[in-house]
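Every letter in the sequence shown is one number past the one before it in UniProt numbering, and letter 22, counting from 1, is 22. Don't be surprised by glycine CBs; every beta carbon is placed ideally from N, CA and C. Some notes on the structure that comes next.
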Amino acid sequence: MLGEQIRSIRKKRSITLKELAEKTGLSIGYISQIERNLTDPSLSTLRKLSAALDVPTYLFMGGGEGATGLTTRSSDVVTLSQPHSSIRYHLLTPMPSGVFVPQSLVIRFELEPHSRDGDLPVIHPSEEIILLEQGQLDVQVQTETVRLNAGDTTVVQANLPHIVSNPGDTPAVGLAVFTPAVWFPRGGRTLDRPESSTVSSKEPVSCKY
Numbered sequence: 001m002l003g004e005q006i007r008s009i010r011k012k013r014s015i016t017l018k019e020l021a022e023k024t025g026l027s028i029g030y031i032s033q034i035e036r037n038l039t040d041p042s043l044s045t046l047r048k049l050s051a052a053l054d055v056p057t058y059l060f061m062g063g064g065e066g067a068t069g070l071t072t073r074s075s076d077v078v079t080l081s082q083p084h085s086s087i088r089y090h091l092l093t094p095m096p097s098g099v100f101v102p103q104s105l106v107i108r109f110e111l112e113p114h115s116r117d118g119d120l121p122v123i124h125p126s127e128e129i130i131l132l133e134q135g136q137l138d139v140q141v142q143t144e145t146v147r148l149n150a151g152d153t154t155v156v157q158a159n160l161p162h163i164v165s166n167p168g169d170t171p172a173v174g175l176a177v178f179t180p181a182v183w184f185p186r187g188g189r190t191l192d193r194p195e196s197s198t199v200s201s202k203e204p205v206s207c208k209y
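This is the structure we're talking about:
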């Protein structure tokens, strides 16, 4: 289960609960509850934990190994989702291997009506191209927001805090392309919701998917 997986990785890296709490900004008690499967962490929490433990976020989201060659069959697509989360990701790019590491990451996303992709804006060192296939999508980059309709495309420049939301009554479905690929987390101070964190600042989450 997820809790045992997180605890196993933490112990393999010789990281104490206190150290993990300091790295993530989450409380020791909250992390302990996650490791004992007493609570379901949000996507933003998983991003913080993956960054602190130096593993890809998809490892904690129920994804399988996925394709490792140059072609991804529909049966090999890794789907990432979390309980109580309004967004689902499908990794269309083959997984990195010792033979080939893709330079770009392509994700298909499905965002439920009247919802956002997380609690806080995220920031990553990759350029992100968003192509909306169905529905509507509001893309907020720093203080500016652009609304996409089906067929529209926008670019989110690297290292800018951003968050997306679906203002419509139908799911927003589209593609996100990250260059370079964001396979592994980059260290950095990340913050969670105030009620489960030791800090209350609203800084963006530094992460990779």
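Task: Cβ neighbours of Thr145 in the same chain (closer than 8 Å, five flanking residues each side left out) - done: If we look at Thr145 and ignore the five residues flanking it on each side, its Cβ neighbours are Asp138, Val139.
- [ ] Determine the DSSP secondary structure at Arg47, reduced to helix, strand or coil.
- [x] Three-state DSSP puts Arg47 in a helix.
Task: Sequence-distant residues of its chain with Cβ nearer than 8 Å to Val155 (five each side left out) - done: Excluding residues within five positions, the ones whose Cβ falls inside 8 Å are Glu127, Glu128, Ile129, Ile130.
Open item on the list: Just to confirm before moving on: does the CB-CB distance between Asn159 and Gln136 stay below 9 Å?
Closed with: The criterion of a C-beta distance shorter than 9 Å is not satisfied by Asn159 and Gln136.
Task: Contact check, Val182 vs Pro125, beta carbons under 9 Å - done: One thing to note: Val182 has its Cβ within 9 Å of the Cβ of Pro125.
- [ ] Mind checking who Ala176 pairs with in its DSSP beta bridge?
- [x] Note: Ala176 sits in a beta bridge opposite Ile107, Ile130.
- [ ] Report the residue from Leu105, Phe100, Val101 whose alpha carbon sits nearest the alpha carbon of Thr93.
- [x] It is Leu105 whose Cα lies nearest to the Cα of Thr93.
- [ ] Consult DSSP for Gln142 and reduce its assignment to one of helix, strand or coil.
- [x] Judged by DSSP in its simplified three-state form, Gln142 adopts coil rather than helix or strand.
TODO: Could you check what DSSP says for Ser75 in three-state terms: helix, strand or coil?
DONE: Secondary structure at Ser75: helix, using DSSP grouped into helix, strand and coil.
Task: Distance between Ser74 and Asn37 (C-alpha atoms, nearest Å) - done: So the alpha carbons of these two residues sit roughly 31 Å apart.
Open item on the list: Can you give me the C-alpha to C-alpha distance between Asp117 and Phe178, rounded to a whole angstrom?
Closed with: Going by the C-alpha atoms only, they are around 16 Å apart.
- [ ] Report the rounded CA-to-CA distance for Asp152 versus Leu132, giving the unit in angstroms.
- [x] Using only the alpha carbons, I get a separation of about 6 Å.
Task: Nearest-angstrom Cβ-Cβ length linking Ile31 and Ala21, presumed shorter than 8 Å - done: Right, the Cβ-Cβ distance comes to about 6 Å (below 8 Å), so this counts as a contact.
Task: Outcome for Pro41 when other beta-carbon atoms lying within 10 angstroms are tallied against a minimum of 16 - done: With 16 or more other CB atoms across the displayed protein chains lying within 10 angstroms of its CB, Pro41 is buried.
Open item on the list: For Ala163 and Ser44, what's the separation of their Cα atoms in angstroms?
Closed with: First, the residue type needs correcting, since residue 163 is Ile and not Ala in the sequence shown. Their Cα atoms are separated by approximately 12 Å.
Open item on the list: Taking its Cβ as the centre, do 16 or more other Cβ atoms sit within 10 Å of Glu4, making it buried, or is it exposed?
Closed with: Exposed, by the Cβ-count rule.
Open item on the list: For Leu175 and Leu49, what's the separation of their Cα atoms in angstroms?
Closed with: The straight-line gap from Cα to Cα measures roughly 25 Å.
- [ ] Determine which residues share a DSSP beta bridge with His162 and list them.
- [x] The beta-bridge partner set that DSSP reports for His162 consists of Val122, Val141.
- [ ] Within its chain, find whatever has a CB closer than 6 Å to the CB of Leu53; leave out the 5 residues flanking it on each side and keep chain order.
- [x] In chain order, Ile9 place their CB closer than 6 Å to the CB of Leu53, counting only its own chain and leaving out the 5 sequence neighbours on each side.
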